[in-house]
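Everything below concerns the one structure shown next.
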Amino acid sequence: MPEVPGVPPAQQLLVGLARLGQAVRIDAWRNNGPHNLSPLQADIVTFLAEQTGPRRQGDVVGALASTPPTVSDAVKALRAKGLLESVRDPQDGRATVVRLTPEGDAEARRLGDVSQVMSEAFSVLSEADLAAMLRGTATIMKGLQDRQAIPVSRMCLTCRFFRPNAHPHDAARPHHCAFVDAPFGDAELRVTCPDHQDRD
Ligand code: SF4
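First residue of the sequence shown? That's 1 in full-length UniProt numbering, and the numbers climb one at a time after it.
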């Protein structure tokens with residue numbers, strides 16, 4: 001009987017991830033919302049919403065792996081749309097930081113909703129498959145972060161509150177978050193979390 005020619009799964013996975021990245025980008029253009037946000041502007045709003053306070057523009061550049069002029073243009077556009085404001089850095093009076101306005105916060109909440117197209121596409125997966133994909137994605141992200149190939153994310157796998165497999169007899173919720181002092185499973189792993197604190 002003929003055999004299906006072998007192709008390295010990592011190679012196929014990379015192709016699949018690239019296609020998914022395209023789909024996410026297209027989805028962002030489709031869901032540009034009332035402020036007609038570009039994907040980069042949406043990323044900046046989402047990034048600032050995840051922070052505990054204002055951030056310097058350079059932090060935005062690093063977190064989004066962009067360039068200073070590109071982020072500067074996007075910040076200018078967001079300011080003109082009333083979603084973001086620049087204020088003096090309380091730590092250094094000569095520097096400025098950016099933060100969301102109340103309208104920017106509302107836009108961040110809108111961006112946090114998964115679009116209908118995406119939720120329909122995800123709905124074919126079981127909870128277990130979604131959890132496994134999330135675990136795999138987080139693990140690959142950490143590997144890339146360790147190699148400084150992608151910007152650092154505030155994720156469970158690098159958080160000082162994360163206790164992996166602290167509850168080995170609880171198959172559904174084997175991990176523990178010491179911040180909220182509660183067990184959780186792969187399906188609740190965070191790849192971005194406002195309460196994250198770096199393990200190092
Ligand atoms: S604080 Fe957030 S990132 Fe840290 S372990 Fe808990 S849920 Fe994960």
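C-beta atoms are modelled at their ideal positions from N, C-alpha and C, and glycine is treated no differently.
Which residues DSSP lists as bridging residue i, in chain order
i	result
Arg25	Paired residues: none, contrary to the question.
Pro183	His176
Phe162	Cys177
Leu84	Leu100
Arg55	Val98
Asp89	Asp92
Asp198	Cys159
Candidates the options, of which the one nearest residue i by Cα
i	options	result
Phe179	Val191, Asp186 and Asp195	Asp195
Ser38	Thr46, Phe47 and Ala28	Ala28
Arg190	Cys156, Phe162 and Pro183	Cys156
Gly136	Asp181, Ala108, Ala10 and Pro5	Ala10
Asp89	Arg147, Pro54 and Ala80	Pro54
The ligand SF4 heavy atom lying under 8 Å from the CB of residue i
i	result
Gln145	no
Met155	yes
Val152	no
Phe161	yes
Arg19	no
Asp195	yes
Val87	no
Leu111	no
Phe47	no
Sub-9 Å separation of residue i and residue j beta-carbons
i	j	result
Val71	Leu64	yes
Arg99	Glu85	yes
Arg160	Asp186	no
Val45	Leu78	yes
Leu83	Gly104	yes
Cβ neighbours of residue i in the same chain (closer than 7 Å, five flanking residues each side left out)
i	result
Phe47	Val60, Ala63 and Leu64
Asn165	Pro174 and His175
Ala42	Ala28 and Leu111
Glu127	Ala187
Ala95	Arg56 and Asp89
Neighbourhood of residue i by C-beta, 6 Å cutoff - its chain only, sequence neighbours within 5 removed
i	result
Arg154	Thr192, Cys193 and His196
Chain-order list of residues whose beta-carbon lies under 8 Å from that of residue i (same chain, five-residue window excluded)
i	result
Ser115	Asp27, Arg30 and Asn31
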